[in-house]
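Protein chains: 2
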Amino acid sequence: MQELITYLLQFGYLDVTQRELILSKARWKAIPKGAYFSEAGKISREIGYVTDGVFRICYYDKTGDGFTRYFVYENRFVVDMNSFRDELPSAEYIEAVTDCQVLAFSKEDFTELSNSIPGWHDIFFKITSYVLENKLRYTSNMLVQDAQTRYLHFLEHYPGLSNRVPLSMLASYLGITPSSLSRIRKSIR
Amino acid sequence: MQELITYLLQFGYLDVTQRELILSKARWKAIPKGAYFSEAGKISREIGYVTDGVFRICYYDKTGDGFTRYFVYENRFVVDMNSFRDELPSAEYIEAVTDCQVLAFSKEDFTELSNSIPGWHDIFFKITSYVLENKLRYTSNMLVQDAQTRYLHFLEHYPGLSNRVPLSMLASYLGITPSSLSRIRKSIR
DNA sequence: GGCGGCAATTGCCAAATGGCAAATAATGGT
DNA sequence: ACCATTATTTGCCATTTGGCAATTGCCGCC
């Protein structure tokens, strides 16, 4: 659980009492491979800090094909922020790609922490805007690159992740078909 | 200036005194076409509410080619949030694509508002996370669509904008070459 | 250990997009 | 209004990627 505190401290100061208060609210939660942490159409009532495993944020089109928008893995928060913040239905699914462990905070506990800890807001503002800005920059850049470049950047930027997620999910994240990704892999070997 | 208040009220409540305080801090600023509101490498010390004109957030590669990541136009805030928040160098340029007018707040005034107005933080947390989440969703979706679909979605989603920005900037936003966009336009007529 | 089902690879061909260069149109400055 | 410059369009062809189907590989289950 110390990892969570270390992560939070990157974004703002918390004294020992505050750290203990935070940890006292955290609840371990296991999400088995294939299960959802949050579902489209439902309100996301928990925010999770991933201690083990990989999630993907995804949606399904009318034909049932799933599209992976991005992956969330160890030492990152996972949540549909729009849904969690305003208690609105989620736009998409958060699915465990592997068996996952998270430290979960309910909306109520999160709000209480936000009332008890003056810097809480700031910390989450920083985390949210920093992470989203970076994801957005990364994703926009992908648009102007060819598929192989995108794949190589993925390998660099998320070392080890390519071996933890199915090729089909990675392909849809990269915006290409599984066949194309398979061919790109072959051409690199 | 009322537009700014109307915009803010979408994200949280502000009483009359607070509204007046906000407006008292706002400074009109004109940015002529081609000028920068914020530059890569420099600290973004102002946040602007666009009342007139179109900006693009962009960067340049080593060969000097400019890539447009997205456009910001009337009734939206424009800022490099990572730079403004933490006073770090910006990663990219904010360039006026047309002559622009903004209501600008300095970092100092913004901080003062944040100290005087209890809901200020919440409002900006909502705006930032909401806008970034949506942009990110929109951009990831573009990855899995073909160029013509992306262009048609752009026309739908940003009506009128295609006539206000040069084709070359729109092409790089869409992740295609100017020639390809020109051909797509032709094929639609 | 064998079977069934899903995931990944591969071949073949079609469609989409890029690269380059030339032609044309639009724009800004004087 | 004219010129110079830049933006856009277009043609031609190369490259990339997709679609589909068949094959192979992998993994869990009995």
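Going down the list, the protein sequences come from chains A and B.
All residue numbers for the first sequence refer to the working numbering, where the first residue is 1 and numbers rise by one.
All residue numbers for the second sequence refer to the working numbering, where the first residue is 1001 and numbers rise by one.
Quick reminder that beta carbons are idealized off the backbone N, C-alpha and C, glycines included.
Since the model is a prediction, treat every value here as computed from it, not as a measurement.
**Report entry** Cβ-based neighbour list, B/G1066, same chain, cut-off 6 Å, excluding 5 preceding and 5 following
**Finding:** As a first step, residue 1066 of chain B is located in the second sequence; it is residue number 66 there, counting from the start. Once the five neighbours on either side are set aside, the close Cβ partners of B/G1066 are C1058 and Y1060.
Requested in this report: Look at A/G48 and A/A104 and say whether their C-beta atoms are less than 7 Å apart.
Outcome: Stepping through the first sequence from its first residue, residue 48 of chain A is reached at position 48. Stepping through the first sequence from its first residue, residue 104 of chain A is reached at position 104. For A/G48 and A/A104, yes; Cβs fall inside 7 Å.
Requested in this report: Output the residue ranges of the alpha helix (DSSP H) runs that lie fully inside the stretch 145–188 of chain A and measure 4 residues or longer, sorted by chain position.
Outcome: 147–157, 167–174 and 178–188
Report task. Using a cut-off of 7 Å between C-beta atoms, extract the partners of B/G1175 located in chain A. Result -> The count along the second sequence starts at 1 and reaches residue 1175 of chain B at position 175. What B/G1175 touches in chain A: L143 and V144.
Requested in this report: Please confirm if B/H1121 has its CB atom under 7 Å from at least one CB of chain A.
Outcome: The sequence position of residue 1121 of chain B within the second sequence is 121, counting from 1. Interface residue, yes.
**Report entry** C-alpha gap between A/Y130 and A/Y93, whole angstroms
**Finding:** As a working mapping, residue 130 of chain A is identified with position 130 in the first sequence. As a working mapping, residue 93 of chain A is identified with position 93 in the first sequence. Roughly 22 Å between the two C-alpha positions.
Query - Inter-residue spacing [alpha-carbon to alpha-carbon] between B/D1052 and A/Y13 - result: In the second sequence, residue 1052 of chain B corresponds to position 52, counting from 1. In the first sequence, residue 13 of chain A corresponds to position 13, counting from 1. Near 39 Å, if we compare the C-alpha coordinates of A/Y13 and B/D1052.
Report task. Spell out a yes or no on whether the stretch 75–83 of chain A and the stretch 173–182 of chain A are touching, meaning 3 or more CB-CB pairs, one atom from each, closer than 8 Å. Result -> no
Query raised in the report: Using a Cβ-Cβ cut-off of 8 Å (strictly less than) and excluding sequence neighbours within five positions of A/W120, which residues of its own chain qualify?
Result: Mapped onto the first sequence, residue 120 of chain A falls at position 120. Excluding residues within five positions, the ones whose Cβ falls inside 8 Å are L113 and S114.
**Report entry** For B/H1153 and A/R27, the rounded distance between their alpha carbons
**Finding:** The residue you call residue 27 of chain A lines up with position 27 of the first sequence. The residue you call residue 1153 of chain B lines up with position 153 of the second sequence. In a straight line, the C-alpha of A/R27 is about 42 Å away from that of B/H1153.
Report task. Please check if any C-beta of chain A sits within less than 7 Å of the C-beta of B/V1133. Result -> The count along the second sequence starts at 1 and reaches residue 1133 of chain B at position 133. Residue identity differs from the one stated: residue 1133 of chain B is Glu in this sequence, not Val. B/E1133 counts as touching chain A.
Query raised in the report: What residues in the stretch 138–168 of chain A bring their beta carbon closer than 7 Å to a beta carbon of chain B?
Result: T139, S140, M142, L143 and V144
Requested in this report: Mind checking the stretch 44–73 of chain A against chain B and listing, in chain order, the residues whose C-beta falls within less than 8 Å of any C-beta there?
Outcome: F67, R69 and Y70
Requested in this report: Take the Cβ of A/K62 as the centre, count every other Cβ of all protein chains shown within 10 Å, and call the residue buried at 16 or more, exposed below.
Outcome: The residue you call residue 62 of chain A lines up with position 62 of the first sequence. The residue in question, A/K62, is exposed, as its Cβ has fewer than 16 Cβ neighbours within 10 Å.
**Report entry** Close-in-space but distant-in-sequence residues of the same chain around B/Q1148 (CB under 8 Å, 5 per side omitted)
**Finding:** Position 148 of the second sequence, counting from 1, holds the residue named residue 1148 of chain B. Correct list, in chain order: I1184, S1187 and I1188.
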